[in-house]
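**Q** Take a look at the following structure, please.
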Amino acid sequence: MKAVGRGPVVTVDGPAGAGKSTVARKMAERLGFLYLDSGAMYRALALKALQHGIDLRDESQLADLLKSTTIDLIGNGQGQPSVWLDGEDVTTLLRTPEVNASVSLVAGFPLVREEMVRRQRAMAREGRVVMDGRDIGTYVLPDADLKFYLTASLEARARRRLNDLVALGFHPNLETLGEEIRHRDTLDAAREVGPLRQAEDAILIDTTDMEVDRVVDMMLEYYRQRV
Ligand code: C5P
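The working numbering numbers the first residue of the sequence shown as 120 and each following residue consecutively.
Structure, rendered in structure tokens:
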């Protein structure tokens, strides 16, 4: 049931590399909704902490840093939205191996999550959004109208990340990437606040052998039936 006075809200959660951001963005495009990539917000904070030489194990320093940080997710409804950190476009800096290796540490702290969740809820307040992440359906937007949980085999997920990184000019090793993803999933699922978990009312889709457009079509079909 939709909360009175707001547009529909769709959530897409799942482990790293399950295809969430691609399908969530395409679904938002097809619905004419805003796509909100919550992971990009944690990545932007991790990037800023790395740039400022902040100790990534220091929760209060990270929380203070976040308070004086603006993160804007800017999309025109077509293609990859851009991410602005303190007024600067950092979109291309968010998926480097350094940020990948630090982001789950930064995202594990309750004080950081509290502030991020507050911002994410504010962004979704008016509805007509598709938000992807780890804890969106379970914690950030538990009253969402439609929830998905996307997963895929570790190998498929590592391959997708490999392709993403090659496109950015990196040359990672598939096995190392698989290990990095497994490690990040373990940290994301084990944390006490906002762990990676399928919401009870989320629709599970295994994307291992599915083309992106088929996943999007399937999600839109659920949307038509249920929202
Ligand atoms: O989705 P993406 O892989 O870009 O997310 C990067 C990291 O940000 C995740 O591995 C996780 O540690 C963190 N994250 C989170 N909660 C979210 C979205 C992302 O903790 N809602």
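By construction, the Cβ of each residue, glycine as well, lies at the ideal position given by its N, Cα and C atoms.
For Y161, report the span of its beta strand (DSSP E) as first-last.
**A** No beta strand (DSSP E) holds Y161; the alpha helix (DSSP H) holding it covers S157 to Q170.
**Q** Rounded to whole angstroms, how far is the Cβ of G246 from the Cβ of V128, which I believe are closer than 8 Å?
**A** Confirmed, about 5 Å.
**Q** Would DSSP call M250 helix, strand or coil?
**A** The answer is strand: DSSP assigns M250 an E or B state.
**Q** Can you determine whether any heavy atom of ligand 1 sits closer than 7 Å to the C-beta of G252, and answer yes or no?
**A** For ligand 1, at least one heavy atom lies less than 7 Å from the Cβ of G252.
**Q** On the CB-based measure, 16 or more other CB atoms within 10 Å of its CB, does G198 come out buried or exposed?
**A** With fewer than 16 Cβ atoms within 10 Å of its Cβ, G198 is classed as exposed.
**Q** So that I know if they touch, is there some Cβ in chain C lying closer than 8 Å to that of S140?
**A** The chain inventory of the structure shown lacks chain C, comprising one protein chain alone.
**Q** Could you tell me whether the Cβ atoms of G313 and Y258 are closer together than 8 Å?
**A** Yes, they are a contact pair.
**Q** In the DSSP assignment, find the beta strand (DSSP E) that holds V128 and state where it starts and stops.
**A** Counting along the chain, the beta strand (DSSP E) containing V128 begins and ends at V128 to D132.
**Q** Assign E311 to one of three DSSP states: helix, strand, or coil.
**A** Residue state, collapsed to three classes: coil.
**Q** Here's a check: name, in chain order, each residue in its chain whose Cβ is nearer than 8 Å to the Cβ of I300, leaving out the five neighbours to either side.
**A** Answer for I300: P134, A135, G136, L273, R276, A277 and R280, listed in chain order.
**Q** Taking the alpha-carbon positions, what's the S187 to L306 distance?
**A** One C-alpha to the other measures close to 26 Å.
**Q** Short check: CB of V335 to CB of V142, under 8 Å?
**A** Yes; because the gap between Cβ atoms is below 8 Å, this pair is in contact.
**Q** Just the Cα atoms here: how many angstroms apart are D283 and D183?
**A** Between D283 and D183, the C-alpha separation is close to 32 Å.
**Q** Less than 8 Å between the C-beta atoms of L153 and V248, yes or no?
**A** Contact flag set, yes.
**Q** Quick one: does the C-beta of V209 sit closer than 7 Å to a heavy atom of ligand 1?
**A** Checking every heavy atom of ligand 1 against the Cβ of V209, none is found closer than 7 Å.
**Q** Could you tell me whether the Cβ atoms of D304 and L296 are closer together than 8 Å?
**A** No.
**Q** To which residues of the same chain is V218 closer than 6 Å at the C-beta, ignoring the five residues directly before and after it?
**A** R162, A165 and L166.
**Q** Determine the extent of the beta strand (DSSP E) in which V202 is found, giving its start and end residues.
**A** Where V202 is concerned, the enclosing beta strand (DSSP E) stretches over S201 to L204.
**Q** Taking the C-alpha atoms as reference points, what is the distance between R253 and T215?
**A** Going from the Cα of R253 to the Cα of T215 covers about 20 Å.
**Q** In the structure shown, what three-state DSSP assignment does I255 receive?
**A** Correct three-state label for I255: helix.
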